[in-house]
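In the working numbering, the protein residues as written are 54 to 709.
Positions of the beta carbon are idealized from the N, C-alpha and C atoms, including for glycine.
Note that the coordinates shown come from a computational prediction; the quantities given were computed from them, not determined experimentally.
The structure appears below as structure tokens.
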Amino acid sequence: MSLSTCENSEAGYSSNSTYNHGISYYTPEQQQQQPQPQPQQQKRQEQQYQQPPMLPPLQQQDEEQDKEQELPEHLREGLNNTSNTSTLFPHHASNSDQTIPHVKSRNALDESRDDIASLAGESEETPKDISLRSVKSSSIFESVEIPFARLLMTIIVLSLALFIAAIDQTIVATATVRISEEFKSLSLAPWLANAYLLSSTALQPSTGRLSDIFGRTQLLLSGLLVFAVGSLICAVAQSMPMLLAGRAVAGAGSASIIGLTLVIVADIVPMRNRGPYMAIFSLVFSVSSVVGPLLGGVFVDKVSWRWIFWLSEPITAFVIAAVLILLKLPKMGADIWAKLKRIDYIGVVLLVGGLLALLLGLTFPGTERIGWRTPKVVVCLTLGIIVLAAFILVEWKVAVDPVVPLRLFRIRNVASMMAASFFMGACLFIPIYYIPIYYNIVKHTSSTMAGIYLLPFVIGIMITSIASGFLVMRLGTYRPFMWAGTAVCATGLGLLGLLDQDSGLAPRICYLLIAGLGVGSFIQLSLIAGQAAVGPEDMATTTAVLTFFRSIGSVFGMAIMQTIMTSKLENTIAGLYQYYPVYMHKILLDSFDNPSVIYGDSVIVELRQDIIDAYMEALHTVFLATIPFGIMMFLSTLVLEHKELARRIQRTAVAE
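See below:
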């Protein structure tokens with residue numbers, strides 16, 4: 054080895070210095086005097102120091118990520134603070150044909166450098182286009198596998214798709230009376246919302262596995278087309294049964310839209326950077342749930358209720374075109390028959406059938422004002438439980454490629470998030486549905502103003518959704534924010550029970566803001582916690598199942614709260630019959646379906662106040678009944694384990 058090579062080597066070793074392991078450098082004259090190694094000995098030395106074979110670029114990047122997580126903290130900091138590999142490993146940038154054999158433990162500095170080099174997979178043969186940018190980057194966008202411009206457009210398109218699917222859940226709330234009057238079918242009015250919600254919820258668990266088989270893009274496009282067909286049926290409906298059928302079809306399409314928008318984000322954004330993007334979708338979902346009734350009321354008052362459904366047609370067409378242009382995901386390459394053979398047909402039928410029966414049993418008491426012991430309710434609940442038990446048995450013993458792998462329920466973090474998402478769903482829609490009742494009846498405001506008064510709840514969700522997303526990206530941990538969020542949510546729901554007819558504006562705003570702050574920090578973090586606990590092959594199914602548990606929690610919570618509200622209200626108003634016999638049929642009975650009658654000129658002040666008190670007492674009971682759900686949600690998160698959030702995308706073969 055020449056003297057020039059020694060001078061270009063690591064810091065501060067002169068030509069006559071000796072390393073700890075007895076290897077010396079010599080001048081050219083001294084080298085000529087040294088005995089040359091025998092051919093066999095030289096061959097063994099070359100084999101000993103042979104560099105490892107090069108990996109394909111994607112595999113090398115993935116191994117860099119795994120090895121970087123194994124670094125000691127002081128070494129990882131040095132790696133993160135380095136601008137490029139040539140400054141960290143100066144001998145790698147050398148063009149010299151001669152190589153200094155790698156020797157361990159020359160001193161502390163060289164040992165650290167060698168450890169970093171070996172763990173990071175660096176060698177002289179490392180191509181220049183492979184860098185450590187994904188490791189050292191703290192930017193939200195640098196680790197994304199697609200250009201930022203396309204990423205931004207994709208997020209906008211997916212948000213728009215989620216918006217039209219989510220707003221359809223609540224947009225008919227203010228149009229129910231007008232539609233029922235036109236079709237003369239008031240008894241079927243509650244099913245305008247339930248038909249959509251039932252079909253959407255029942256199909257959500259299977260969308261994850263089906264997207265693994267057929268591909269994200271194909272299933273999302275199918276969902277958008279089905280949603281458009283359902284909305285078209287609703288827009289041209291000539292009877293209530295036809296309208297309800299259209300609502301069920303649209304709900305079936307929304308199952309793929311709601312689930313896959315979240316799955317696709319996980320496909321294109323690394324786990325560590327996913328929080329801010331999930332925050333956007335959480336905000337879109339929350340805002341659409343609140344804006345829905347307001348927008349529906351505007352269409353009913355200004356144009357026609359049919360425009361509620363006509364409006365979604367051009368938006369859906371735009372989203373379909375944008376998805377075809379923007380969304381390019383990896384292909385799996387299997388033909389259609391191979392994909393069809395992978396479907397767990399028995400599991401899908403049992404799962405959807407069992408969920409529909411169970412959801413119908415939960416919905417009947419509230420929509421038809423019948424008891425939980427009514428034969429119709431008992432049969433549906435019993436049948437649903439039996440069919441779901443059969444589904445579990447089939448998935449456990451029979452299914453080769455189960456639609457919902459039972460192993461997910463044995464993963465601690467996934468099971469924890471299933472329970473927490475269920476209780477969150479039970480709490481989420483309580484303010485959205487019952488706060489407007491408080492303002493309409495107790496405070497006697499318009500539906501528009503009732504929606505405006507819900508804005509503190511939405512603002513709270515917006516603040517913590519965005520803040521927690523960026524904090525998770527920065528700090529790499531999610532448990533503290535989830536614990537704080539669920540505790541704050543339970544507190545805010547409990548504070549709503551303090552509202553009364555005389556409550557001022559400040560407490561009304563603060564209580565809703567606190568509840569929203571708690572909800573916002575949980576929604577997207579629950580998905581991140583679940584996704585971080587599974588491999589890429591189960592990511593889509595886990596996301597779909599967690600979304601399903603939140604949806605079925607909403608159905609369960611609304612069914613329980615509607616039963617509590619109706620029972621309490623009926624008992625209280627029944628006690629007024631003896632005091633106001635003249636108004637029994639005209640006012641008291643009508644106040645259940647049309648509470649605004651109590652503000653008519655023919656109603657005496659005393660009767661009006663008694664009915665308002667009855668509604669206020671029922672609302673108190675509902676708000677207090679949500680506290681146990683909030684507490685259970687908080688307790689479910691306490692068993693969470695910390696999982697590292699990957700800085701790069703976990704790849705899996707997914708059909709486009």
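From Leu566 to Ala375, what does the alpha carbon distance come to, in whole angstroms? Residue mapping note: residue 566 aligns to position 513 of the sequence shown, counting from 1. Residue mapping note: residue 375 aligns to position 322 of the sequence shown, counting from 1. The straight-line gap from Cα to Cα measures roughly 36 Å.
Compare the beta carbon distance of Ser357 and Gln577 with 8 Å and say whether it is the shorter of the two. As a working mapping, residue 357 is identified with position 304 in the sequence shown. As a working mapping, residue 577 is identified with position 524 in the sequence shown. Against a cut-off of 8 Å, the Cβ pair of Gln577 and Ser357 comes out as no contact.
Between the Cα of Leu436 and the Cα atoms of Arg465, Asn326, Gly406 and Val457, which residue gives the shortest distance? Reading the sequence shown from its first residue, position 383 is the one you call residue 436. Closest in alpha carbon position to Leu436, among Arg465, Asn326, Gly406 and Val457, is Gly406.
Specify the secondary structure class of Glu697 as computed by DSSP and reduced to three states. Working through the sequence shown from its first residue, we reach residue 697 at position 644. The DSSP-derived three-state label of Glu697 is coil.
Cβ contact check for the region 211-231 and the region 341-359: 3 or more pairs under 8 Å: The region 211-231 is in contact with the region 341-359.
From the DSSP output, in three-state form, read off Lys11 for me. Summary: the structure shown does not reach residue 11, with the chain confined to residues 54 through 709, and so no result is reported for it.
DSSP state of Arg359 mapped onto helix, strand, coil: Walking along the sequence shown from the start, residue 359 turns up at place 306. DSSP places Arg359 in coil when its eight states are reduced to three.
Inter-residue spacing [alpha-carbon to alpha-carbon] between Gly350 and Ile485: Your numbering for residue 350 matches position 297 in the sequence shown. Your numbering for residue 485 matches position 432 in the sequence shown. If you take the alpha carbons of Gly350 and Ile485, they lie about 15 Å apart.
In the structure shown, what three-state DSSP assignment does His497 receive? Locating residue 497 in the sequence shown gives position 444, counting from the first residue. Here His497 sits in coil by DSSP.
Can you tell me whether Leu691 is helix, strand or coil according to DSSP? Counting from 1 along the sequence shown, the entry for residue 691 is found at position 638. For Leu691, the secondary structure class from DSSP, reduced to helix, strand or coil, is coil.
Would you call the region 447-454 and the region 394-406 in contact, with 3 or more CB pairs under 8 Å? Yes, since at least three Cβ pairs between the region 447-454 and the region 394-406 fall closer than 8 Å, the two stretches touch.
Cα-Cα separation between Met293 and Ile286, rounded to whole angstroms: Stepping through the sequence shown from its first residue, residue 293 is reached at position 240. Stepping through the sequence shown from its first residue, residue 286 is reached at position 233. If I take the Cα positions, the gap works out to 11 Å.
Residue nearest to Asp354 in terms of C-alpha spacing, selected from Asp654, Val230 and Leu245: As a working note, residue 354 is residue 301 in the sequence shown. For Asp354, the nearest C-alpha among the options comes from Val230.
Quick one: Cα of Val372 to Cα of Leu211, how far? If you number the sequence shown from 1, residue 372 lands on position 319. If you number the sequence shown from 1, residue 211 lands on position 158. Approximately 8 Å, taken between the alpha carbons.
Three-state class that DSSP yields for Tyr492 in the structure shown: As a working note, residue 492 is residue 439 in the sequence shown. The answer is helix: DSSP assigns Tyr492 an H, G or I state.
Between Val447 and Ile438, what straight-line distance do the alpha-carbon atoms span, to the nearest angstrom? If you number the sequence shown from 1, residue 447 lands on position 394. If you number the sequence shown from 1, residue 438 lands on position 385. Rounded to whole angstroms, Val447 to Ile438 spans 14 Å at the Cα level.
Where do the N-terminal and C-terminal ends of the alpha helix (DSSP H) with Phe462 fall, by residue? Sequence index remark: in the sequence shown, residue 462 carries index 409 (1-based). Note, Phe462: premise wrong, no alpha helix (DSSP H); not H, not E.
Out of Pro458, Arg661, Ala214 and Gly571, point me to the one whose CA is closest to Ile519's CA. For the purposes of this step, residue 519 is taken as residue 466 along the sequence shown, with counting starting at 1. Ranking Pro458, Arg661, Ala214 and Gly571 by Cα distance to Ile519 puts Gly571 first.
I need the boundaries of the alpha helix (DSSP H) containing Thr539, first residue and last residue. Locating residue 539 in the sequence shown gives position 486, where the first residue counts as 1. That run of the alpha helix (DSSP H) goes Arg532 to Leu549.
Since Leu404 and Ser259 should fall inside the 8 Å C-beta cutoff, what is the C-beta to C-beta distance between them, to a whole number of angstroms? By one-based count along the sequence shown, residue 404 stands at place 351. By one-based count along the sequence shown, residue 259 stands at place 206. Indeed, because the Cβ distance is near 6 Å, the residues count as touching under 8 Å.
Could you tell me whether the region 313-326 touches the region 494-513, using the rule of 3 or more Cβ pairs below 8 Å? No, because fewer than three Cβ pairs between the region 313-326 and the region 494-513 fall closer than 8 Å, the two stretches do not touch.
So, Leu213 versus Ile368, is the Cβ gap smaller than 8 Å? Here residue 213 corresponds to residue number 160 of the sequence shown, with the count starting at 1. Here residue 368 corresponds to residue number 315 of the sequence shown, with the count starting at 1. Closer than 8 Å, so yes.
From Trp425 to Pro418, what does the alpha carbon distance come to, in whole angstroms? Numbered from 1 along the sequence shown, position 372 holds the residue referred to as residue 425. Numbered from 1 along the sequence shown, position 365 holds the residue referred to as residue 418. Looking at the two C-alpha atoms, the distance is approximately 6 Å.
Whole-number beta carbon distance between Gly610 and Ile483, since they are thought to touch under 8 Å: Counted from its first residue, the sequence shown places residue 483 at position 430. Counted from its first residue, the sequence shown places residue 610 at position 557. Confirmed, about 7 Å.
Quick check on Val440: buried or exposed, where buried means 16 or more other Cβ atoms within 10 Å of its Cβ? What you label residue 440 is simply residue 387 of the sequence shown in a count that begins at 1. Counting Cβ neighbours within 10 Å, Val440 comes out buried, since at least 16 surround it.
Going along the chain, which residues of its own chain have a beta-carbon closer than 8 Å to the beta-carbon of Thr596, five neighbours each way excluded? Within the sequence shown, the letter at position 543 stands for residue 596. Sequence-distant Cβ neighbours of Thr596 in its own chain, meaning closer than 8 Å and more than five residues away, are Gly261, Gly312, Leu315, Val316, Ala319, Leu580, Gly583 and Gln584.
Quick check on the burial criterion: 16 or more other C-beta atoms within 10 angstroms. Buried or exposed for Ser469? For this step, residue 469 is matched to residue 416 along the sequence shown. So Ser469 counts as buried.
Under 8 Å Cβ to Cβ from Leu393, same chain only, skipping five residues before and after it: list those, please. Locating residue 393 in the sequence shown gives position 340, counting from the first residue. Excluding positions up to five away in sequence, the list is empty.
For the candidate residues Tyr330, Leu277 and Asp388, whose alpha-carbon lies nearest to that of Ser521? In the sequence shown, the residue the question calls residue 521 occupies position 468. Nearest of Tyr330, Leu277 and Asp388 to Ser521, Cα basis: Tyr330.
Using 8 Å as the threshold, is the C-beta distance between Phe687 and Ala540 below it? Position 634 of the sequence shown, counting from 1, holds the residue named residue 687. Position 487 of the sequence shown, counting from 1, holds the residue named residue 540. A distance below 8 Å separates the beta carbons of Phe687 and Ala540.
Alpha helix (DSSP H) containing Lys392: first to last residue? The count along the sequence shown starts at 1 and reaches residue 392 at position 339. From DSSP, the alpha helix (DSSP H) with Lys392 extends over Ile389 to Arg395.
Note down the Cα distance separating Leu546 from Asp388, rounded to an integer number of angstroms. Position 493 of the sequence shown holds residue 546. Position 335 of the sequence shown holds residue 388. Distance between the alpha carbons of Leu546 and Asp388 is about 51 Å.
Check Lys381 in the structure and name its three-state DSSP category. Position 328 of the sequence shown holds residue 381. Coil at Lys381, not helix or strand.
Whole-Å CB distance - Thr690 paired with Met535, under 8 Å assumed: Within the sequence shown, the letter at position 637 stands for residue 690. Within the sequence shown, the letter at position 482 stands for residue 535. Correct: roughly 5 Å between the Cβ atoms.
Roughly how many angstroms lie between the CA atoms of Val598 and Ala305, to the nearest whole one? The residue labelled residue 598 in the question sits at position 545 within the sequence shown. The residue labelled residue 305 in the question sits at position 252 within the sequence shown. Put simply, the backbone Cα of Val598 is about 16 Å away from that of Ala305.
Looking at the unbroken alpha helix (DSSP H) that takes in Leu272, where does it start and where does it end? Position 219 of the sequence shown, counted from the first residue, corresponds to residue 272. Arg269 to Ala288 is the span of the alpha helix (DSSP H), which, as asked, contains Leu272.
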